[in-house]
Each structure stands twice: as C-alpha cells, then as structure tokens.
C-alpha cells in the first residue's frame, strides 16, 4: 500500500485510489463498464494496447460514499445503405458505492446512473447556486414500468462552496430503497464539468463525423465537389 | 419498439430517437446530409468503418416539430501549387420537421438551414436573455435572388428558461410558406453550444492545419528551420 | 463567380471568399503562410493529402480593409539526447489587407502580425468592454532595433457590440506608415476566441505531448512503471 | 543569441526562452520531465519523431524567479483480465527556478510541484479575486511523513490584474527552506487556464477512452450490440 500511496500527490487523506484497497484489487477487472462492449479484434490493435478495454474513471471518495464518472461511448451499426448510425447512445456513467470501512467501498452493492447528453448539458451549465434533478426508470415502456425509480440530484452547499451529489434508487420489485450522498468541492465539480464538456461530443458521436472527413475526401474529386450546390437548398 | 426504447435512459417521454418510428426506418439511409459527399474509397478505409458515412445528429423532438444539428465538414481542393484550400465551406446543418402524429415527424417535407462559422459564433455566445436571427437566400446572386427566403430565429422564453428555435421558409416560386418552432430547454441549448463549439474549428478546417504538422515536419531539416526568420517580418 | 457564390450561405454581402475575386485567384497559392514550412515528404503522406500545405484562414472582409487568422504551428528539433524541443514558437498569424475596390483586397501590400501564446491569452479573455494592445519590433536585438514598429489594438465599439481590430506599421527604414482598421462583430469575435482557444494548445506544442504517450508506453513495462516514485519528489 | 531572439515575437523583454541562455543549453536534454518514461520503441515510431520525448513547457520568466507548466500523462498497466488501468496518475508538472543573473535561472536548484486533476480543477475555475493553496507531502504515509512540506499558493494582485504564484518548500531532513514567487499577468494566467483545461482530460486518461472506441468496434457485431440492454440497469 505504501508504494502506491506515494504515487498519489494528494493533499487530503480522503482521496485514495480504488486500487489501494486490497479487498477491491481482484475486482478491478470488473471495473470496465466504460468500454465493456469493445471487442478485442478491433482495427486499432496494431497500434498497441488501444484495442483493450481502458478504465480511467474520475472517482470522488468521501466518508460515507463514493462515486465515479466515466465516459461510455455510443455504439454504431452499419445500415445496408452503407451509412453508419448510432445504435446505442453514449452517456457519462456514474457509479455509486457505500463506504464499508476505512477507505473501503462496497463494489458489490454499487448503483449506476447513466447521464444522457442532455443531462450532461444540465450539469455543465450549473452555476454555484443552481441545482438539478434527473429521474430514470430502467423499465420504462416495459410491463415493469414504474417499479424501479432512480433519481439523481445535484444541490449546492449552503455556503455555495460545492455541491451534494445524491442518488436514490427505489426498487418496488425487491422492496428496497438505497441512498447515496457525496459532498463535492468546487474544484472536484470543475473537473467533472471540464471532463464532461470534453466527453460530450464523443458520447454524441460527433467526433466520428469530424475525424472522418479530415483525412479523407480531400480533393479526390475536386470537379465533382465544385459542382455540388449548397446542401441547404437541396431536397 | 420496446427494445430500442429501453436503450434510451430518458427522463421524458418527449425524447425519442428517429429510428423508433417504423415509418422512418427505411429512410434512415437518407439521413446522411452530414457526410453525403465523402467517398467510399478514402484512405482511412483500412482503419474500419470510418470510410463510411456517419450520421450522428443531435435531435430535439417536441410536440409540434423537431430539429436536428449535425456538423457538415468543409471540402478541400488541391491547387496546382500543391496547396490544399477550402472548396466548400463547412457548416452546422439544421434539419427541421413537422410532427405528423404521436412521435412521428415528416421527413419528406423537411427544411434545411446551414449555419456558417460566424452564425455558429453568434449561437455559442448567446446569454440567457439574448436572441438572434439569421437570413439566408439560397438563390443569392442568381436570377432567382429573393424568391426563396429563409429565416432562423432563436429567442429566449419569457422566463429565461430556454429558447424558441424557429425557422420560416417563404418560397415565392412555389408560393408556399413553411414555419417551424421548437422550444429548447437550457440543458438542450447547453448541448447545442458545447457541441457547436467543439465542431467550429472543424467546420473552419483548422483541425486540418493543427493535425497536419503535428506528426510531420519535426526536425526533418532542423538546420533549415533554424535559419528561418520570424514569418511575421517576411514579405 | 455565380457558382462559388451559391456555395456561400452568407446573410451579408460583406462576406466573400478571397477566391471569389478573379484578381486574387492566381495568388491563392501564395496564401500559405500558415504551413509554409511543412515538407512534401512527411510521414502522413500515406494517409492522403495531409502532407500538403493546408490553407484555411478565418477571414473577415469589411469595406476598407480585411484580415485573416490562421494557426501557425511550432517547429521542433531533435537534440542529440533524443529529446524533441520547440525550435520556432507557434503563433496565430494575422494578415491585413487594404480594400482596393469592390470586394478586392491588396494582397501585395499585406502586413503580418503573429500573436504569441500569451497574446492569444489576452484575446480569449477579453470581455465586451475590454481592450488590448500589442507592440512588436521585428528587428528587436538587432542593429535595426526600433526602426520598424508594429502595434495591434483591439478596442470595443462604443455600443459594446463588437470591436475594432487595428494594425499600424511604422517603418523608419522605408519612411512609411501603414494603418488598417477592421470592425468586427460580436459573432465574428466569438469565432476568433473559440478558434484561438482551440489552437492555443497546438501553437504551444502541448498536443505533441498529449498525443504522444496515449498510444505508446501503455503497460510495456508495468513493473518498471510501478517502481517509479512520484516525479515531483525526484531531483 | 541574436538569431534565436529574432524568432521570438515578444512585446516584452521579460519573456525569453530558456534556450537563449547559453548556460542552460547543455541541460535542455534534462528538461524532459513531462515524458521521461516514454520508451523509444513505441508503436508510433513509424509516424516520425512522435516516439521521442517531447518537451514543450509553457514558461513564465520574471525578474526573481520563473516557473514552467507541462502536462505529465498517466501511465497505464494491463491487468490479467485484459483491462488497461491507470498505474501512475497524470498531473500538470510545475518547475520553479530562481533567477541567478540577467536572464539566467538556476536549473540545478529547481523545485517541482505536480498538480493533480482536482488541483487543476481549482486553478481553471479561479475568478479574478480568488486565491487557492495546495499542500503536498512527498513522504506521506512513509516514516518520513511530515519532514518535507511543499505549499503552492495562487493569490490575486491587489489591483485584480493578475496573480502571484508562489511555492514554498520546507525540508526538515536537510534543514532548508526555499521560496519562489512569480507575478503572472491576466494574459499569462489565461494561457495557463486554457492549456490546463485542454490537458485535464488527458492527465485523467479520458482521451484513451474516447479515442479507443471511435475507430474500433463499429458494427462489427451489430446484432450483438442490439441485444445489449441499457448498461445502467445491469448488475
């Protein structure tokens, strides 16, 4: 533990890597929600380890609970027409855990909340006095609609110096209610906002569009391109 | 429909993917305005599907109408001198559709409005009380100048909690007038601003410049480079 | 001219591409200051046209004068130790031209002003009431020091709705004084700020650092890496 | 010196490259803290010099002292499960030096301070009146805990026009105390904030996640992907 701790230039004893906890060590391999659906045979393999699942959550560990944020990219599918469209939407995955001892958190009873692009939009525009709340029903439109309810709230501290980030999960099927509340400093929230702003175009899939053409069609058919009238006016 | 809906962690019944609509399904292949001019033989093909047209619009579906945003990259052409210059300017393409039923939108009668870099500049600096309006004439400088007029306006809600995004198209050639108005929440507008800020350097083509040299000329001719005086003072 | 003009969805007759002007056409090849020192044999050539010089200035054409902005990347050199260091600093190159007729600008008598990273820092933090001024002496530290003086000023309009961007060049060697002043709208300035913020890490060379390791050292020597103590505490 | 100086379009005699100093020249090779652990055999080598250590610090040289900022990327390690996790955290490395003469700084007695992601979050949200202070103990959790104390403070100038950036290092083992204080202009601080905001997702390792999937798994198994239910609801 010593060795790892020395790698963490942290000014506060409250900040510790999940990996520090010996009880968690074996489960780090499970901590791969962010890229759980990537395959081992993708085309970037030749460039090194980029074909592997990468786990780099931003984690905030506090006395009673912890949560982490990690971008979860969209998946795409190719239509018969050759067009690639979004299959599953991207999100920022939040994972909450209860503290179960000194620097120990309960990975088994973790709860998830996936922020959509628009919910990320709410988060990144919050001012110091603003609050927001999101409601998710994982069984929406199924026969179990309304049986599980999740709500995430972000509320400012009384002194405007940070926020409380809280998740409540009510599961009527299991007859359980689970709550987490994590105080977040202004600095930690700034990291969340900057990282989420960075990730937003990626979870929307826009990076796929902007990367695509930039090495591609340049001048291959300049004549044809010249003949293209403004797209706006076409049907 | 059930399966797809469960993939959408949405807190509101108003948000639905275009793909959910069975009547739209067959037309998703047409929904490729953003990359309609990329070719199938570009040099990124070896890296996977990046050679295909990618469609990842940010869509806002409301009761009476919907619109989507998608970056439309510039095209380039190579001059005899070897310099690559912008051929057709990039834009953020907006597509508006009328609602024609429960979660159904009329793709056939869609209208387009392509935001230029400077118009994107207006959008991303709007404060909660600001409004803006853009006028386009697709036939500008042709014999039909003034026959078709498009205006896009973005106006704040009375309570400063979001905006109305409206498009009006007056076509004197067809003797038609078409109007769309879509209420946009603060969170949705934040996504629009962040995504447009991300896309702006790409629609300007600046990503081509910054990507170019960064893996390129480094130290190939250090001596020559050292002799280069400050570019500013050269003619 | 018609064809090109129809490609420009511009709401104002003041915005026109340099390429529209027939008198400029032949000189577009000269308009390559931004990447004038890239070589034709760089390693990206296999990816398409990225080895060529790319010109994609953001240009603001007004009645009496015009200017354009374009990122000018740093060059690097490799030391005997194997470390790559910055050789010539990056900048945002501004080029000013006088109007010499309807939509014609005088490329021959253009003047340049290269914004350093810190000057870009001034520009991107300007509020609507702020102004700034930069002074350059191209002959600084030579025997001609003080003979040529360039000053760039950015001053807000009286109504806070945009800025005047002005360049003055006093050349005592040639006994000349040249002045340009271009009114810039709030939207145009927003494009300048967003594009310059995007370009800033690139002209600093930080993109070279962040791109480098991200496909590189991952896990090649996990044991060794684990033994590395915090860099901060090393000498 | 003349030649190099002419490459610096600086408006102030206070800004000078480290490389200008002949006494530093031979030590530039040591100035590679930012990428000191990259290997010479990484997979990007074929693309040019990107396999080499790149040094591109943002340096602020003032009369009594100087400091530089440079991103220090995280290192990763691959678990047996195939998942790649962060091994050593990334940071923004600050290096302080005392002035020891006209444009000369003492590289031998430099002191380091590595800003964590959360400390970067503090820096990038600072308003013109805000201040912050960070404390590091390099020997934290070892038998030498408390023997060396480093504190970095950023405090606004009395006139709100910039900041003082100060580092104090108290070493009880060597019985020394070392202090540096560097005045920073608003423009220089804007560069620091913009560059740190750019670097933040990279030092968190999020760029590894967003780069990964974007050329990868697209549509390789569209059927399988379609069957994947929302990650949020899975255990």
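Protein chains in written order, with full-length UniProt numbering: chain E, 1 to 235; chain F, 1 to 235; chain U, 1 to 235; chain B, 1 to 235. Every residue, glycine too, gets a C-beta built ideally from N, C-alpha and C. It should be emphasised that the depicted structure is a prediction, and the values quoted were computed from it without experimental measurement.
Worksheet entry | Beta carbon proximity, residue 121 (chain B) to chain E, threshold 7 angstroms | Counted from its first residue, the fourth chain places residue 121 (chain B) at position 121. Chain E contact via Cβ: present.
Discussion item. Assuming contact is defined by CB atoms lying nearer than 7 angstroms, are residue 197 (chain E) and residue 124 (chain E) in contact in what I supplied?
Written reply: Reading the first chain from its first residue, position 197 is the one you call residue 197 (chain E). Reading the first chain from its first residue, position 124 is the one you call residue 124 (chain E). Going by beta carbons, residue 197 (chain E) and residue 124 (chain E) fall inside the 7 angstroms limit.
Worksheet item: Using the beta-carbon of each residue, which ones in chain F are nearer than 7 angstroms to residue 204 (chain E)?
Response: Residue 204 (chain E) sits at position 204 when you count from the first residue of the first chain. Under the 7 angstroms cutoff, chain F gives 56, 58 and 195.
Discussion item. For residue 155 (chain B) and residue 166 (chain B), what's the separation of their Cα atoms in angstroms?
Written reply: Along the fourth chain, read from residue 1 onward, the residue named residue 155 (chain B) stands at position 155. Along the fourth chain, read from residue 1 onward, the residue named residue 166 (chain B) stands at position 166. Cα to Cα, residue 155 (chain B) sits roughly 8 angstroms from residue 166 (chain B).
Item to complete: Could you tell me if residue 79 (chain B) is buried or exposed, where buried requires 16 or more neighbouring beta carbons within 10 angstroms of its beta carbon?
Response: Indexing the fourth chain from 1 puts residue 79 (chain B) at position 79. The residue is buried, with at least 16 neighbouring Cβ atoms inside 10 Å.
Discussion item. Looking at chain U, is there any beta carbon in it that lies within less than 7 angstroms of the beta carbon of residue 77 (chain F)?
Written reply: Start at 1 with the first residue of the second chain, and residue 77 (chain F) comes out as number 77. No, no contact with chain U.
Item to complete: Locate the alpha helix (DSSP H) running through residue 199 (chain U), then write down its first and last residues.
Response: Taking the third chain and counting its residues from 1, one reaches residue 199 (chain U) at position 199. Here the alpha helix (DSSP H) through residue 199 (chain U) covers 186-204.
Discussion item. Considering just the uninterrupted stretch of the alpha helix (DSSP H) at residue 145 (chain F), what are its terminal residues?
Written reply: Position 145 of the second chain holds residue 145 (chain F). It is not in any alpha helix (DSSP H) - residue 145 (chain F) carries neither H nor E in the DSSP assignment.
Worksheet item: Mapping DSSP to helix, strand and coil, what is residue 121 (chain U)?
Response: The residue given as residue 121 (chain U) occupies position 121 in the third chain. Annotated three-state conformation of residue 121 (chain U) is helix, per DSSP.
Worksheet item: What's the call for residue 129 (chain E), buried or exposed, on a 16-neighbour Cβ count within 10 Å?
Response: Looking up residue 129 (chain E) in the first chain gives position 129. So residue 129 (chain E) ends up on the exposed side.
Worksheet entry | Identity of the residue in U:152, U:209 and U:82 nearest residue 182 (chain U) by Cα | Counting from 1 along the third chain, the entry for residue 182 (chain U) is found at position 182. Closest option to residue 182 (chain U), Cα to Cα, is U:152.
Worksheet item: At a CB-CB cut-off below 9 angstroms, which residues of chain B make contact with residue 186 (chain E)?
Response: The count along the first chain starts at 1 and reaches residue 186 (chain E) at position 186. Residues of chain B whose Cβ lies closer than 9 angstroms to the Cβ of residue 186 (chain E) are, in chain order, 121, 122 and 125.
Worksheet item: Cα separation between residue 107 (chain B) and residue 186 (chain E)?
Response: Reading the fourth chain from its first residue, position 107 is the one you call residue 107 (chain B). Reading the first chain from its first residue, position 186 is the one you call residue 186 (chain E). In this structure, the CA atom of residue 107 (chain B) is about 35 angstroms from the CA atom of residue 186 (chain E).
Discussion item. Across the region 86-94 of chain E and the region 164-178 of chain F, are there enough close Cβ pairs to call them in contact, namely three or more that are closer than 8 angstroms?
Written reply: Too few Cβ pairs lie closer than 8 angstroms, so no.
Fill in: Euclidean distance between Cα positions of residue 289 (chain E) and residue 208 (chain E)
Because chain E in this structure spans residues 1 to 235, residue 289 (chain E) falls outside the shown range and cannot be described.
Practice prompt. Please decide whether residue 201 (chain F) counts as near chain U, where near means a Cβ-Cβ distance under 7 angstroms.
Written response: On the second chain, position 201 is the one that residue 201 (chain F) refers to. Chain U contact via Cβ: present.
Worksheet item: If you check the beta carbons only, do residue 191 (chain F) and residue 171 (chain F) fall under 7 angstroms apart?
Response: By 1-based counting over the second chain, the position of residue 191 (chain F) is 191. By 1-based counting over the second chain, the position of residue 171 (chain F) is 171. Residue 191 (chain F) places its beta carbon 7 angstroms or farther from that of residue 171 (chain F).
Item to complete: Alpha carbon to alpha carbon, how far is residue 115 (chain U) from residue 57 (chain U)? Give it in angstroms, no decimals.
Response: In the third chain, counting from the first residue as 1, residue 57 (chain U) sits at position 57. In the third chain, counting from the first residue as 1, residue 115 (chain U) sits at position 115. Roughly 14 angstroms separates the two Cα atoms.
Discussion item. Need the endpoints of the beta strand (DSSP E) that residue 93 (chain F) sits in, please.
Written reply: Position 93 of the second chain, counted from the first residue, corresponds to residue 93 (chain F). Run containing residue 93 (chain F): 91-101, per the beta strand (DSSP E) assignment.
Worksheet entry | Nearest-angstrom beta carbon gap, residue 201 (chain E) and residue 195 (chain F) [assumed within contact, 8 angstroms] | Within the second chain, the letter at position 195 stands for residue 195 (chain F). Within the first chain, the letter at position 201 stands for residue 201 (chain E). That pair is a contact at about 6 angstroms.
Worksheet item: Can you tell me the Cα-Cα spacing of residue 103 (chain B) and residue 134 (chain U), whole angstroms?
Response: Here residue 103 (chain B) refers to the residue found at position 103 of the fourth chain. Here residue 134 (chain U) refers to the residue found at position 134 of the third chain. About 22 angstroms.
Discussion item. With a threshold of 7 angstroms between beta-carbons, can residue 86 (chain E) be considered close to chain F, or not?
Written reply: Indexing the first chain from 1 puts residue 86 (chain E) at position 86. By this cut-off, residue 86 (chain E) is an interface position.
Discussion item. Between residue 190 (chain E) and chain F, is any beta-carbon pair separated by less than 7 angstroms?
Written reply: By 1-based counting over the first chain, the position of residue 190 (chain E) is 190. For residue 190 (chain E), the answer is no, since every Cβ of chain F falls outside 7 angstroms of its Cβ.
Worksheet item: Can you name, in chain order, every residue of its own chain whose Cβ lies under 8 angstroms from the Cβ of residue 127 (chain B), other than the five neighbours on each side?
Response: As a first step, residue 127 (chain B) is located in the fourth chain; it is residue number 127 there, counting from the start. Spatial neighbours of residue 127 (chain B) in its own chain (CB-CB distance under 8 angstroms, excluding positions within 5 residues in sequence) are not present.
Practice prompt. On the DSSP bridge assignment, give the partners of residue 133 (chain B) in chain order.
Written response: As a first step, residue 133 (chain B) is located in the fourth chain; it is residue number 133 there, counting from the start. B:153, per the DSSP bridge assignment.
Worksheet item: Helix, strand or coil: how does DSSP classify residue 80 (chain F) here?
Response: For the purposes of this step, residue 80 (chain F) is identified with residue 80 of the second chain, where counting begins at 1. In the structure shown, the three-state DSSP call for residue 80 (chain F) is coil.
Worksheet item: Shorter than 7 angstroms from the beta carbon of residue 117 (chain B) to some beta carbon of chain E?
Response: Locating residue 117 (chain B) in the fourth chain gives position 117, where the first residue counts as 1. Taking CB atoms only, residue 117 (chain B) has a neighbour in chain E less than 7 angstroms away.
Worksheet entry | Contact check, residue 145 (chain F) vs residue 204 (chain F), beta carbons under 7 angstroms | The count along the second chain starts at 1 and reaches residue 145 (chain F) at position 145. The count along the second chain starts at 1 and reaches residue 204 (chain F) at position 204. Contact flag unset, no.
Discussion item. Between residue 71 (chain E) and chain B, is any beta-carbon pair separated by less than 7 angstroms?
Written reply: The sequence position of residue 71 (chain E) within the first chain is 71, counting from 1. For residue 71 (chain E), at least one C-beta of chain B is nearer than 7 angstroms to its own C-beta.
Discussion item. If we define contact as Cβ-Cβ less than 7 angstroms, is residue 198 (chain U) a contact residue for chain F?
Written reply: One-based indexing of the third chain puts residue 198 (chain U) at position 198. Yes - at least one Cβ of chain F is within 7 angstroms of the one on residue 198 (chain U).
Discussion item. With H, G and I counted as helix, E and B as strand and the rest as coil, what does DSSP make of residue 8 (chain E)?
Written reply: On the first chain, residue 8 (chain E) is found 8 positions in, with the first residue counted as 1. In this prediction, residue 8 (chain E) has a pLDDT of 30, which is less than 50 and means its spatial position is unreliable; nothing more can be read from the coordinates.
Discussion item. Is there a C-beta anywhere in chain F that falls below 7 angstroms from the one on residue 53 (chain U)?
Written reply: What you label residue 53 (chain U) is simply residue 53 of the third chain in a count that begins at 1. Judged by the 7 angstroms Cβ criterion, residue 53 (chain U) is in contact with chain F.
Worksheet item: Between the region 137-166 of chain F and chain U, which residues of the former have a C-beta closer than 7 angstroms to a C-beta of the latter?
Response: Answer in chain order: 140, 141 and 142.
Worksheet item: Among U:180, U:121 and U:59, which residue has its Cα nearest to the Cα of residue 132 (chain U)?
Response: As a first step, residue 132 (chain U) must be located in the third chain, where it is residue number 132. It is U:121.
Worksheet item: For residue 207 (chain B), which of helix, strand or coil comes out of DSSP?
Response: Along the fourth chain, one-based indexing puts residue 207 (chain B) at 207. Assigned with DSSP and collapsed to three states, residue 207 (chain B) falls in helix.
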